[in-house]
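For reference, the structure discussed in these notes is given below.
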DNA sequence: CGACTCATGAAAGTAACTTTCATCTGTGGC
DNA sequence: GCCACAGATGAAAGTTACTTTCATGAGTCG
């Protein structure tokens, strides 16, 4: 049958004058509220149009559909498409004072999602590749971060560990500096700092580099102090707002970058990574209670 | 019947583990290609899933629909709304074996961004409101989480702390259980677990609740064991892939939810929260080295 | 004014959907 | 190890929705 890829509703509107009176009544109902029509059964719609089911079927054929069910799902699809995503325009800035929860959720989700997308867009695959090389070939891997970035660092460390690349992460600056002092050629130090100016991270990276280790940093500001001590610079792309200070916004973007590196490293040695993953997953599984409840 | 205003497909994803095997087969087909499923008749779909029509009907009811035709039009509508980015066909699934870095980045960013968006869409503002109330009114706040979710828990704790709502987070199960045992009416325990089946988190929440504390949980699976012990259930919406085991994907979504709660709590008492934020920011600022370098 | 065309709905027929029920399977208790 | 039980499942019966057929009637053209 006929294919009307674009606007079925528009198409019906154009066909309207050429339809029989009873079919026109059906058509008008459909055009007026496609979503509502999609919800009705054929008998329903026929009654609402003051006609019989047979006429509705004829109408379907007249507009190029095979039958009523087909029309229904087409209508549902078109009605959904024409609904404009509510008020995405306003969303994206700061949170207004009297904001309700739905607004807050929409705003945050929007800015998080955008941070992720924009970060991915500006991330340089070549630099990533070098960092991945470094991770794969490194003797020892240390990951540093303070505050919110510290959590990202911990996450990175956990992940590398799970695929068999032993890594360390220090919550304490002194321990971190000690580890950096003990590193050398062939080792890798990864710093994570939104501002790129966190003293601890800068010091640690500087120390590691002075000892001959390779250094990499993940920051939002490509010209921040820390980049002076980094062989490889990866950047996130996050904007700040009042209530969500910088690190908060960028943390999601940082995690995305960490995930990318993780997957890329795992992809380098698929079988071994998979085996390591399975082993760790197995170890964790025993810590689960029974599977999800079935309809309680 | 149930109203799932946001993402039915996402909702189905979350319900997946709580469905019976045969229903899961149906669910997977539906999630994999909603538009295609909408085109099929019930017999068709049943055959494709290797099961009977009866099971498909049961599946419809399980996900909150009245019957198959209703499911069909909902699927058609959602599939249409989901404006698929041109080359997103490959993106979103598993990472192909020979993937290059650009592909990996695109895939991960896409699935992260989608997890955030879908989570926001299905997040219930009413439940969030109750959790915010609980946080604002709580005597003591404990946040629990293990593994990757543990980092999210730590993040939440840090955030609450920064706006003056003292909270605790325990990396050690014993300490957590002890704290839970000491909690009581007016206290709040928040559990974070992607699977909802992490034994530690379940035990701790059960304990806290038994002592009279209010409990809340953040999980991907609304019918998982942990929800039995939670007064408030918040859900993320993340799908799993091979290389990025569940918790990895959902962590970004979890963080978004945590951010929402954080901002909502801060919004309740704007001046005080702002003052607390500024105080902590000031404390951290001293730990920064000079501002960003100007063209080196 | 008759013969034709077309629109229309009633009713019969078919396919789709829903319910019921018997069977089966795995689980936990003794 | 066996029994009782709950849950999962599909076959088949039952119901509803959809489609076809056909008779009727209104308009209309020679």
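Residue numbers (my numbering), protein chains in the order written: chain A, 1 to 296; chain B, 297 to 592. Glycine residues also receive a C-beta, built at the ideal position from the N, C-alpha and C atoms. This structure is a prediction, so every number in the text was calculated from the model and none was measured.
Check, Outcome
"What residue range does the beta strand (DSSP E) around residue 216 of chain A cover?", "214-219"
"Which class does residue 463 of chain B belong to by DSSP, given the choice of helix, strand or coil?", "strand"
"Anything in chain A within Cβ reach of residue 511 of chain B, meaning under 8 Å, just list it in chain order.", "In chain order: nothing, as chain A lies at least about 16 Å away."
"Interface residues of chain A around residue 514 of chain B at Cβ under 7 Å?", "By Cβ distance, chain A contributes nothing, its closest Cβ being about 14 Å from residue 514 of chain B, past 7 Å."
"Where does residue 503 of chain B land, buried or exposed, given buried means 16+ other C-beta within 10 angstroms?", "buried"
"As an exercise, report each continuous alpha helix (DSSP H) stretch of at least 4 residues that is fully enclosed by the stretch 129-174 of chain A, in chain order.", "148-162"
"Would residue 228 of chain A and residue 188 of chain A be called neighbours here (beta carbons separated by less than 8 Å)?", "no"
"What in chain A is Cβ-close to residue 552 of chain B, meaning under 8 Å?", "108, 109, 112 and 252"
"When you check each C-beta in the stretch 416-431 of chain B against every C-beta of chain A, which residues fall closer than 7 Å?", "416, 419, 421, 424 and 425"
"Going along the chain, which residues of its own chain have a beta-carbon closer than 7 Å to the beta-carbon of residue 73 of chain A, five neighbours each way excluded?", "none"
"Interface residues of chain A around residue 374 of chain B at Cβ under 8 Å?", "80"
"How about residue 375 of chain B and residue 331 of chain B: do their beta carbons lie closer than 8 Å?", "yes"
"Within 10 angstroms of the Cβ of residue 92 of chain A, are there 16 or more other Cβ atoms? Answer buried if so, exposed if not.", "Annotation note: pLDDT 43 at residue 92 of chain A (below 50); position unreliable, no value reported."
"Taking 8 Å as the CB-CB limit, is residue 158 of chain A close to chain B?", "yes"
"Kindly give me the distance between the Cβ atoms of residue 427 of chain B and residue 307 of chain B, rounded to whole angstroms, as I take these residues to be in contact under 8 Å.", "With a Cβ gap of about 20 Å, residue 427 of chain B and residue 307 of chain B do not count as contacting."
"DSSP has residue 127 of chain A in a bridge; who is on the other side?", "For residue 127 of chain A, which the question treats as bridged, DSSP gives no partner whatsoever."
"Compute the Euclidean distance between the alpha carbons of residue 39 of chain A and residue 56 of chain A, then round it to the nearest angstrom.", "15 Å"
"If the cut is a Cβ gap below 9 Å, which residues of chain B does residue 57 of chain A touch?", "In chain order: nothing, as chain B lies at least about 16 Å away."
"So for residue 359 of chain B, helix, strand or coil by DSSP?", "coil"
"Using a C-beta to C-beta distance shorter than 7 Å, which residues of chain A count as neighbours of residue 413 of chain B?", "109 and 113"
"Pull up the distance between the alpha-carbon of residue 53 of chain A and that of residue 62 of chain A, whole angstroms please.", "14 Å"
"Run the CB neighbour count on residue 171 of chain A, radius 10 Å, all protein chains shown included, and call it buried at 16 or more, exposed below.", "exposed"
"I believe residue 106 of chain A touches residue 416 of chain B by the beta-carbon criterion, under 8 Å. Please report the beta-carbon distance rounded to the nearest angstrom.", "6 Å"
"Consult DSSP for residue 232 of chain A and reduce its assignment to one of helix, strand or coil.", "strand"
"Give the C-beta separation of residue 447 of chain B and residue 253 of chain A to the nearest angstrom, bearing in mind that I take them to be a contact with Cβ-Cβ under 8 Å.", "About 16 Å; that fails the 8 Å criterion."
"Looking at residue 328 of chain B: is its Cβ nearer than 8 Å to the Cβ of residue 77 of chain A?", "no"
"Please confirm if residue 248 of chain A has its CB atom under 8 Å from at least one CB of chain B.", "yes"
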